[in-house]
Amino acid sequence: MEKQVSRHNHRIFNRSTRLFEQAGPQASAFLASVGADVTLLLSADGDIVDVAYRDPSLERYGIDGWVGRAFRDTVTIECVEKIDALFEENAKTGTTRRRQVNHPVSGQADLPVDYTLLSVDGMPWRLALGEDMRKLSELQQQLVRTQAELEAEYRKIRDAEGRYRTIFHKTAQAIIIVDGDNHAVIDINLTGANLLQQPAARIIEKPVLQLVEREDRAKLADALSAARHGGTRKSVALHAAGHPDPLLGVIEPYRESGRGNLMLTLVADAASAAQSANGHADPALLDSFPEALVVIDRKGMISIANDPFLDLIHVLNKSMVVERNLNTWLGASSVDLQVLLSRVREEGQVRQFSTVIRDELGTTRTVAVSAARMSGDADNQRIGVFITEATRRDSQFAVPTPGAESGSSDFAELVGRVPLKDLIREAVDVIEKMCIEAALRQTDNNRASAADMLGLSRQSLYIKLRRHGLEDFGNASN
């Protein structure tokens, strides 16, 4: 809460009583009606004769030490011209417009004050009436910082857009982005334009049905509608208009800004067509993405991973992650992946799911995860998982670490998403692991003594050590 500042002056003029006696009643009444955060009594030469200020916190800026110094010597060098302008304007009109100056203070930020200079009839002195601008200055600095952050975010978005446009046009597959409602071409990459032997500018906004032979238009329209409304991948054999070579069109629905659009991939040769139709991703294309991407099954087992994911977890090659469970690296515990998979099953996709990634070097970092169902039946359902390192603004959905200091209120957030028995089992596992670690530390890693302390047989202890990944506990400690 902001401290209430007294309306009484912290210091009043105490060296100038005789000088104020020279002022008439009218001048005294005028001065009494003037209020300012900082008031300076100035001589004809511009020296500070006395000072007064209202807020006690201004005392730490050394205002009392200004007495006897020239007004222009108390401000920063870039503000000297403003002081000269105040005196020049005052000499002409008797008063001035406001001008903000900064008073330098050793070891802390400058003191910004907005001054107006005036002369009073009957007094040989000038008054500099100042308004404390610290709060406004702080708001201005916050605005500048916010503007800089917005510009940085905008640059990131532009850079990301540039990267993805490069990837889109460099990929070896012919890709056409189709509007899900009217089947007009939204975008086409260079490979697609070259395959159709037409400039991309001529194809964009054109109905996609006009790109194929007349006898193929009906089945392409049916496939587009089926993919759009069914939410599943569809394949259709077709011929591009004016070209005899057969093509296989693979249609995949996706959502973009709340709308359902379609990605039509045209494959020329039968081998590549079969691979695309079966849903096997192009490894080079996946590796070209700047962010980590993995494909898992409904149990979390990894089938595909790109190079950025390997960089994220500091693993040398893909063989070390394929056919391993994603929860080996993702999440503070296995509950995190369970929550993610549960939400994907219920909602079809999840965006900005906040969790952590644990790499092979033992480092834990906060990440944001987006996931969505891919093609396949219920038994062979695949899920694409996109992982990005989280910024300080990213925490829309945080999954707590069981057993952490956050307490039981964090577990309450998981109710309805994770079965109660799974939550209880996870909590028991965490507590069991903590107890085993504590026993090993207290017994200096003597397994027999630790088993006795925990009331377990040595065989049971070794089983639990393997289950919790503590076989090398002593070596890690050393």
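When we follow the working numbering, the leftmost residue of the sequence shown carries the number 46, and every step to the right adds one.
Even glycine gets a Cβ: it sits at the ideal position worked out from N, Cα and C.
Treat the numbers as computed from the prediction; the structure is a model and nothing was measured.
What does the Cβ neighbour count give for residue i, buried or exposed, with the cut at 16 atoms within 10 Å?
i    : result
K180 : exposed
K466 : exposed
T408 : exposed
A246 : exposed
G345 : buried
H53  : Low per-residue confidence applies at H53: pLDDT is 46, beneath 50, and the placement is therefore not dependable enough to give any value.
S454 : Only weak support is given to the placement of S454: the predicted model assigns it a pLDDT of 49, under 50, and the value that follows is read from those uncertain coordinates. Exposed, since its Cβ has fewer than 16 Cβ neighbours within 10 Å.
V444 : Residue placement at V444 cannot be trusted, given a pLDDT of 42 that sits under 50; the coordinates are not used to answer.
V146 : buried
A217 : exposed
G514 : exposed
Y199 : exposed
Y209 : exposed
Q186 : exposed
E391 : exposed
A495 : buried
L307 : buried
K215 : exposed
R512 : exposed
L162 : buried
P447 : At P447, the pLDDT of 40 sits below 50, so the modelled position is not reliable and the matter cannot be decided from this model.
P298 : buried
D381 : buried
T121 : exposed
S505 : exposed
I221 : buried
Give the range of the beta strand (DSSP E) segment to which residue i is assigned.
i    : result
R259 : Note, R259: premise wrong, no beta strand (DSSP E); alpha helix (DSSP H) at 259 to 275.
H214 : Segment 179 to 215 is the alpha helix (DSSP H) holding H214; no beta strand (DSSP E) there.
N306 : 304 to 312
F116 : Here F116 belongs to no beta strand (DSSP E), and DSSP marks it neither H nor E.
G294 : 291 to 301
L162 : 156 to 164
I347 : 347 to 350
T236 : Not the beta strand (DSSP E): T236 falls in the alpha helix (DSSP H), residues 235 to 241.
L283 : 279 to 284
L371 : That residue, L371, is in no beta strand (DSSP E); it is neither H nor E in DSSP.
R427 : 427 to 434
CB residue i to CB residue j, shorter than 8 angstroms?
i    : j    : result
Y98  : H148 : no
S364 : N372 : no
G393 : G305 : no
A130 : R117 : no
E176 : A81  : yes
S348 : V360 : no
R503 : A493 : yes
E471 : K509 : no
T488 : M479 : no
V253 : H228 : yes
D332 : N351 : yes
Figure out for me which residue from the options has the closest Cα to the Cα of residue i.
i    : options                : result
F431 : D232, L357, D290, L235 : L357
T369 : V339, V150, R396       : For the sequence presented, residue 369 should be read as Arg rather than Thr. Of the listed residues, the one whose Cα sits closest to R369 is V339.
L385 : C124, L254, I428, D92  : I428
V401 : V395, E391, V414       : V414
F334 : L86, I212, C124, E482  : I212
R388 : M308, A416, E405       : A416
D404 : L382, F354, V367, W170 : F354
S399 : T433, M419, R418       : T433
P291 : I108, V312, C124       : V312
V94  : P157, G376, L85, T236  : L85
T44  : A154, A268, R343, D332 : With the chain represented from 46 up to 523, any question about residue 44 goes unanswered, as that position is not in the structure.
R418 : R278, V253, P157       : R278
D100 : V158, G91, F518        : V158
R300 : A337, D92, V412, G276  : G276
E104 : V83, C124, G91, E123   : V83
W374 : V412, G152, G303       : V412
Going by the C-beta, is residue i closer than 7 angstroms to any heavy atom of the ligand SAH?
i    : result
A173 : This structure lacks the ligand SAH; in fact it carries no ligand of any kind.
The alpha helix (DSSP H) spanning residue i covers which residue range?
i    : result
K509 : 503 to 512
N147 : Where N147 is concerned, there is no enclosing alpha helix (DSSP H), although the beta strand (DSSP E) it sits in stretches over 144 to 148.
R247 : 245 to 248
K137 : 125 to 138
G107 : Looking at the DSSP string, G107 is not in any alpha helix (DSSP H), and its letter there is neither H nor E.
V384 : 379 to 392
L85  : Counting along the chain, L85 falls outside any alpha helix (DSSP H), though it belongs to the beta strand (DSSP E) covering 83 to 87.
D404 : It is not in any alpha helix (DSSP H) - D404 carries neither H nor E in the DSSP assignment.
D497 : 492 to 499
Determine, for residue i, whether the minimum Cβ-Cβ distance to residues of chain D falls below 8 angstroms.
i    : result
P289 : The displayed structure is made up of one protein chain only, and chain D is not part of it.
Taking 8 angstroms as the cut-off, does the region 200 to 219 touch the region 104 to 114 (at least 3 CB pairs, one atom from each stretch)? no
Any contact of the region 233 to 246 with the region 258 to 270, i.e. 3+ C-beta pairs under 8 angstroms? no
Does the region 268 to 284 come close enough to the region 189 to 201 that 3 or more CB-CB pairs lie under 8 angstroms? no
Contact between the region 151 to 169 and the region 120 to 140 (3+ Cβ pairs under 8 angstroms): yes
Three CB pairs or more closer than 8 angstroms across the region 247 to 256 and the region 227 to 236: yes
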